[in-house]
Every structure is written in C-alpha cells, then in structure tokens.
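J.: So for the sequence shown, the working numbering puts the first residue at 9; every next one is plus one.
By construction, the Cβ of each residue, glycine as well, lies at the ideal position given by its N, Cα and C atoms.
All of these numbers come straight from a predicted model, not from anything done at the bench.
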Amino acid sequence: MKKVAIIGGGLGGLSSAITLANKGFHVELFEKNQHFGGKLMPIQLSDYSFDFGPNTITMPSVFKRVIEQTGSRSEDYFEMIKLDNHTRNIFPDGTQFDFSSNQQVMLSQLQELDPTGAGNYHSFLKEITRLFKLSEQYFLPRTFRSWRDYVSPSLGAAMLRVRPLQTLDSFFQSYFSNPRIIEAYNRYATYIGSSPFQAPATFAMIAYLEMVEGVYYVKGGNVKIAESFASLAMKLGVGLHSESEVKRVLVSGKKATGIELQSGEKVMADYVIMNADLLKAYPELVPEKERPSFKNEKVDKLEPSISAFVVMVGINKRFPQLKHHTVYFSDDYRQEFNDIFIHKTYSDKPTIYICNSSHTDPDRSPKGDNLFILVNAPALPLDGNLQIDPVAYKELIFETLSSRGLDLTDHIVEEKIITPSDIASQFGAYRGALYGVSANRKKDAFLRPQNTSKDIKHLFFVGGSTHPGGGSPMVTISGLNVAHAIIELEQ
Ligand SMILES: Cc1cc2nc3c(=O)[nH]c(=O)nc-3n(C[C@H](O)[C@H](O)[C@H](O)COP(=O)(O)OP(=O)(O)OC[C@H]3O[C@@H](n4cnc5c(N)ncnc54)[C@H](O)[C@@H]3O)c2cc1C
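Below, the structure written as structure tokens:
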C-alpha cells in the first residue's frame with residue numbers, strides 16, 4: 009500500500025486525504041493546530057459561536073463531492089442552506105442594494121437604481137456564465153504540474169476567451185452605470201484578495217457563483233464542513249495528527265521520501281502533499297539548495313493577496329438591519345484599494361463586511377447576534393511588523409458603524425480581535441495573506457505556483473497558494489485534483 013504524508017489539515021489537505029484513503033492509500037496527515045480545517049476555524053466566546061474564515065460559501069457541490077465520492081451521503085454530514093437575498097450592500101448615501109440569485113429581485117432593484125444595468129442584466133448573466141463555464145472546463149479540474157500544462161493549445165485558446173486583458177472594474181462598468189452598483193460588484197475582487205482596478209475580468213466568474221448559483225450557509229456553522237471532512241477521513245483510516253508541526257520535508261535523490269516533525273519523529277512516505285501555505289512552508293521546510301526553481305528571492309517578489317483585520321463580537325440583542333451578510337461601503341472605494349495595495353497601509357475609511365450567521369441560525373448565539381466583522385487589510389510587510397494599533401483600529405470601525413446607524417458599543421458582551429499577524433502565525437499564512445498570491449498582475453493571476461515541485465519528485469502542493477486558487481471551494485478542488493494526479497501515477 010502506497011503511503012502519503014500530508015502537511016496541514018486545511019480543506020485542501022483534508023480533501024486530498026479523503027480521496028486518497030478512499031482509493032486504498034495509507035494516509036497520515038499532520039496539522040500544527042489543535043483543530044482541523046485550517047482557516048475555517050471554530051471560535052467560541054461564551055454563548056457565541058463563530059466561523060473564522062469562510063463565512064460566504066459558494067459551490068456547495070464541491071464540498072458534497074468530497075463526501076459523495078466515497079459512497080457516503082453528504083446529507084448525513086451537513087445541511088447546506090441556500091440564502092435568499094444573501095448580501096445587503098449599504099452605501100454612505102443610504103442606498104441599499106441586495107444581492108440575490110433570484111433574477112426578479114435583482115431586476116426590480118436595478119430598474120430603480122440603475123436602469124442601464126437592468127437593461128443589460130440578462131446579457132451580464134450570460135457573459136458571467138460563459139466565463140465560469142470556460143474556467144470550469146479548462147482551469148478548475150486540472151493540476152498544473154509542468155510548463156507543458158500551460159502551453160496546451162486548448163488552454164491557450166481558452167485563456168484568450170476569458171477577458172484576461174480587461175480589468176474587473178472596466179468589465180462591470182460595461183454593464184452598469186450607477187457607481188454604487190459597480191462598487192458592489194467590484195468587491196468580488198476581494199474574494200481573491202485583489203483589487204478590481206487591477207485584477208483581470210476573468211474573475212467576474214465569481215459573480216456567476218453568487219448571482220446564478222447562490223450563496224450557502226451550513227446549518228450549525230460552516231465549520232461543519234471541516235468537521236465532516238475530518239470525521240470521514242478518520243472513518244477511512246487516515247491518521248489525523250493534531251498539534252503535530254512538520255519541521256522539514258525529507259528529500260533523497262531529488263525525491264520526497266517523508267517528513268520530520270518538530271518532535272524529531274520521522275515519517276517515511278512515497279508522496280508528500282504540502283497543504284501548508286507553500287509560499288511560507290516550502291522555503292521553511294525544504295533547504296534552498298534543494299529547490300533551485302523556487303528561490304527565496306522569487307517568493308519575495310510575489311505580491312501577496314490582501315489580509316484581514318477581524319473583530320468578532322457577541323451582542324446582547326438582535327439588530328434587524330443586519331442580514332446574514334451586510335457590507336457597509338466606504339465613500340471612496342478606489343482610495344481603499346490604493347491604501348492597501350499601493351501605500352500598503354490600513355484605510356482610515358474602510359468598507360466593513362459583517363457576517364451575522366445568527367440571522368439564519370439563531371441557535372449559534374441564542375442571546376443576541378454573533379457578528380464577524382471584517383475589514384480588508386494589507387498583507388504584512390516583508391519584515392513582518394504589524395503597522396497598526398489593533399484597539400484603535402477596532403474603535404475606528406465601531407465609530408464608522410455608529411455613524412451609519414449601527415451602534416454596537418453598548419451591546420457588546422464578548423469580543424475578540426484577529427489581526428494579519430495572528431493569521432500569519434496561527435495558520436502559517438505567508439505575510440498573513442488570505443489567498444496566497446494576489447491576482448493583480450496578469451502573470452500572477454494565470455501562473456500561480458504549480459501543484460508539484462519542479463525540483464523534487466513526489467512533492468505536491470494543494471491549497472490557496474497554488475492552482476486553482478484561494479477560497480474554500482477552490483482549495484477543496486485543488487485537494488481533489490492533486491489526489492487524482494497521484495492516483496493516476498499509480499495506475
Ligand atoms: C478572515 C478570512 C475570511 C475568509 N473568507 C472566506 C469566505 O468568505 N469564503 C471562502 O470561500 N473563503 C474565505 N477565506 C479563504 C479560505 O479560508 C481559504 O482559502 C481556505 O480555507 C484555505 O484552505 P487551505 O487548505 O489552502 O489552507 P489552510 O486553511 O491555511 O490550511 C493549511 C493548514 O496547514 C497548517 N500548517 C502550516 N504549517 C504547518 C506545518 N509546518 N506543519 C503542520 N501543519 C502546518 C496550518 O495550521 C493550516 O491548518 C477566508 C479566509 C480568511 C482568513
């Protein structure tokens with residue numbers, strides 16, 4: 009029986025583990041934290057339960073596929089609830105615009121707010137559907153393992169058809185005319201940790217996921233996805249080791265032969281899969297001389313995606329104005345991206361995203377709302393210093409919300425702040441980035457680090473820093489893809 013060692017128990021590592029164990033591989037997975045699921049992490053503050061990380065779930069079929077490929081029923085593991093009008097966008101002038109996968113809801117709002125957009129909405133849906141279907145056919149199901157994978161004629165032709173040279177902002181401007189509506193759509197760039205004024209229009213496919221397929225929530229918390237994956241992996245015989253940090257990848261004759269834990273224990277394997285953020289873990293766990301194609305200097309030149317400043321608060325009441333997802337836009341969205349990507353600083357007029365999962369699932373916090381408040385933040389600088397006073401920045405966020413009619417301060421029962429430095433240290437995330445490399449530069453958007461090491465045979469990469477990209481469904485897909493690539497090698 010072939011043996012696989014997996015470094016990191018995020019969604020990527022877990023989906024590889026399940027797929028391989030189901031095909032008879034002996035899998036051992038090592039996770040440095042206590043919990044499995046990586047950035048999809050449960051946080052409990054007295055009676056208030058939170059999902060850290062993925063609060064917006066799209067592509068439910070991807071998570072179900074991981075379970076169902078083993079012959080199990082996904083309904084036995086988690087219940088996905090489709091959210092109706094899933095996100096309320098609120099602007100400083102009081103304009104409200106709800107995102108929904110119900111076309112009628114969208115059209116009736118657009119007729120009032122953006123008649124041009126209403127007229128174009130059908131062709132907009134058609135185009136974002138085309139973009140998604142192309143990605144689904146050519147990019148999402150493949151592992152990128154060598155340069156040959158990039159130069160296949162079919163892929164090259166597909167690349168040209170996904171609007172690689174247009175920016176997201178210009179794409180949305182071609183369908184909508186109200187600047188507020190364009191801002192609401194431009195926010196999709198942040199789902200890949202990038203700026204709408206730089207990232208290619210290809211990523212308008214994210215709008216397809218939300219506007220056509222819809223946004224989901226898992227009853228009892230999105231963390232149920234990770235818990236289900238871990239429990240299924242265990243049933244299939246995967247050795248799941250928490251609080252087991254890997255110190256290095258063992259390499260012999262340019263081939264990965266296992267891993268060594270911080271404890272000094274060595275575990276030999278035929279294949280090693282790195283789910284830990286490769287931008288950080290590859291340089292740390294493999295000496296530079298073993299990876300001439302991935303020198304430290306190359307990593308330093310990559311532009312990391314955005315990070316996040318998060319405040320989780322337990323509230324002693326329910327705020328009726330908060331939907332499951334609510335976004336309070338700043339009055340200068342472009343400035344916010346300039347602050348983050350050009351000046352590499354925190355915005356003093358941030359756009360504020362709030363997830364209130366108790367809106368859908370009151371049992372998660374029976375005594376009042378459980379608010380996960382997120383503001384985009386720059387990735388940490390190379391020297392790793394946090395550039396902000398967390399308490400002062402939290403106050404600025406609360407003051408901004410108060411000026412918009414959401415007064416939290418007198419109602420807070422529990423509170424926890426998580427900064428980019430915490431994200432970097434807790435998950436080993438490169439410079440605290442949420443999604444690996446940003447997609448701002450065309451080269452980085454389309455040429456993410458590959459799913460295998462160019463220098464070390466049998467060393468594979470899964471997760472947000474590799475193909476197909478960041479975000480919970482994408483990393484899960486990368487776990488499936490890499491497992492299938494290993495299975496193919498053994499056939
Ligand atoms: C604040 C925030 C909000 C987000 N919002 C969304 C959202 O709404 N929707 C969405 O789809 N996605 C969202 N994401 C992104 C999503 O969480 C990630 O893309 C995805 O969970 C990453 O999964 P992964 O498998 O790549 O890696 P991770 O989850 O990072 O897992 C990697 C694991 O490797 C472990 N590890 C690292 N080094 C070692 C080592 N040396 N030894 C052993 N273990 C190690 C880490 O502890 C970690 O558990 C968000 C992320 C954050 C942080």
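Taking the straight line between their C-alpha atoms, what separation do you get for residue 213 and residue 67?
T.: Each residue's alpha carbon lies about 12 Å from the other.
J.: For residue 333, name the three-state secondary structure that DSSP assigns.
T.: Three-state DSSP puts residue 333 in a strand.
J.: Using only the alpha-carbon positions, how far apart do residue 387 and residue 175 sit?
T.: Approximately 22 Å between the Cα atoms of the pair.
J.: Find the nearest neighbour of residue 299 within the set 288, 403 and 262, judged by alpha-carbon distance.
T.: Ranking the options by Cα distance to residue 299, first place goes to 262.
J.: Give me, in chain order, the residues of the same chain whose beta-carbon lies closer than 6 Å to that of residue 355; leave out the 5 immediate sequence neighbours on both sides.
T.: Cβ within range, chain order: 344 and 347.
J.: Rounded to the nearest angstrom, what separates residue 377 and residue 296 at their Cα positions?
T.: Spanning the two alpha carbons is a distance of roughly 48 Å.
J.: Out of curiosity, what's the CA-to-CA distance linking residue 488 and residue 260?
T.: C-alpha separation (whole angstroms): 27 Å.
J.: Out of curiosity, what's the CA-to-CA distance linking residue 35 and residue 72?
T.: Approximately 21 Å between the Cα atoms of the pair.
J.: Please state the DSSP three-state secondary structure of residue 424.
T.: Three-state DSSP puts residue 424 in a strand.
J.: Rounding to the nearest angstrom, what Cα-Cα distance links residue 145 and residue 138 in this structure?
T.: So the alpha carbons of these two residues sit roughly 11 Å apart.
J.: Ignore the nearest five residues each way along the sequence and tell me which others in residue 424's own chain have a CB closer than 7 Å to its CB.
T.: Correct list, in chain order: 51, 53 and 320.
J.: Please report the Cβ distance between residue 37 and residue 248, rounded to the nearest whole angstrom; I am assuming they are in contact, meaning their Cβ atoms lie under 8 Å.
T.: Confirmed, about 5 Å.
J.: Determine the contact status of residue 12 and residue 278, defining contact as a CB-CB distance below 8 Å.
T.: Cβ atoms of residue 12 and residue 278: closer than 8 Å.
J.: DSSP three-state call for residue 328: helix, strand or coil?
T.: Correct three-state label for residue 328: coil.
J.: Quick check on the DSSP output: the beta strand (DSSP E) that includes residue 49 runs from which residue to which?
T.: Unbroken beta strand (DSSP E) run through residue 49: 49 to 53.
J.: For a test of your reading of the model: does the CB of residue 480 fall under 7 Å from any non-hydrogen atom of ligand 1? Yes or no.
T.: Yes, since a heavy atom of ligand 1 falls inside the 7 Å radius drawn around the Cβ of residue 480.
J.: Taking Cβ positions, are residue 192 and residue 132 nearer each other than 8 Å?
T.: No, these two residues do not count as a Cβ contact at 8 Å.
J.: What distance in whole Å lies between the Cβ atoms of residue 385 and residue 288, which are believed to be in contact at a cut-off of 8 Å?
T.: With a Cβ gap of about 18 Å, residue 288 and residue 385 do not count as contacting.
J.: Hey, how far is the Cα of residue 266 from the Cα of residue 465?
T.: Roughly 12 Å between the two C-alpha positions.
J.: Nearest-angstrom Cα distance between residue 463 and residue 61?
T.: Roughly 32 Å separates the two Cα atoms.
J.: Do residue 209 and residue 184 have their beta-carbon atoms positioned less than 8 Å apart in this structure?
T.: No.
J.: Quick check: what's the CA-CA separation for residue 382 versus residue 440?
T.: Near 14 Å, if we compare the C-alpha coordinates of residue 440 and residue 382.
J.: Please confirm whether any heavy atom of ligand 1 lies closer than 7 Å to the CB of residue 15.
T.: Indeed, a heavy atom of ligand 1 lies less than 7 Å from the Cβ.
J.: With distances taken Cα to Cα, identify the nearest neighbour of residue 434 among 39, 28 and 10.
T.: The residue with the shortest Cα to Cα distance from residue 434 is 39.
J.: Within a Cβ cutoff of 6 Å, which residues of the same chain sit near residue 85, ignoring the five residues on either side of it in sequence?
T.: The answer, listed in chain order, is 75 and 236.
J.: By Cβ distance, which residues of its chain are closer than 6 Å to residue 324, with the 5 residues on each side in sequence left out?
T.: Excluding residues within five positions, the ones whose Cβ falls inside 6 Å are 376, 419 and 421.
J.: Kindly indicate the opening and closing residues of the alpha helix (DSSP H) around residue 372.
T.: Segment: none, residue 372 is in no alpha helix (DSSP H) and carries neither H nor E.
J.: Taking only three categories from DSSP, how would you classify residue 171?
T.: Three-state result, residue 171: coil.
J.: Counting C-beta neighbours from all protein chains within 10 Å, is the total for residue 135 16 or more, i.e. buried, or is it exposed?
T.: Result: buried.
J.: For residue 294, is the beta carbon positioned less than 7 Å from some heavy atom of ligand 1?
T.: Residue 294: no, Cβ never under 7 Å from ligand 1.
J.: Note down, one range per segment and in chain order, each alpha helix (DSSP H) of at least 4 residues found wholly within the region 340 to 419.
T.: Within the region 340 to 419, the complete alpha helix (DSSP H) runs of at least 4 residues are 341 to 345 and 398 to 411.
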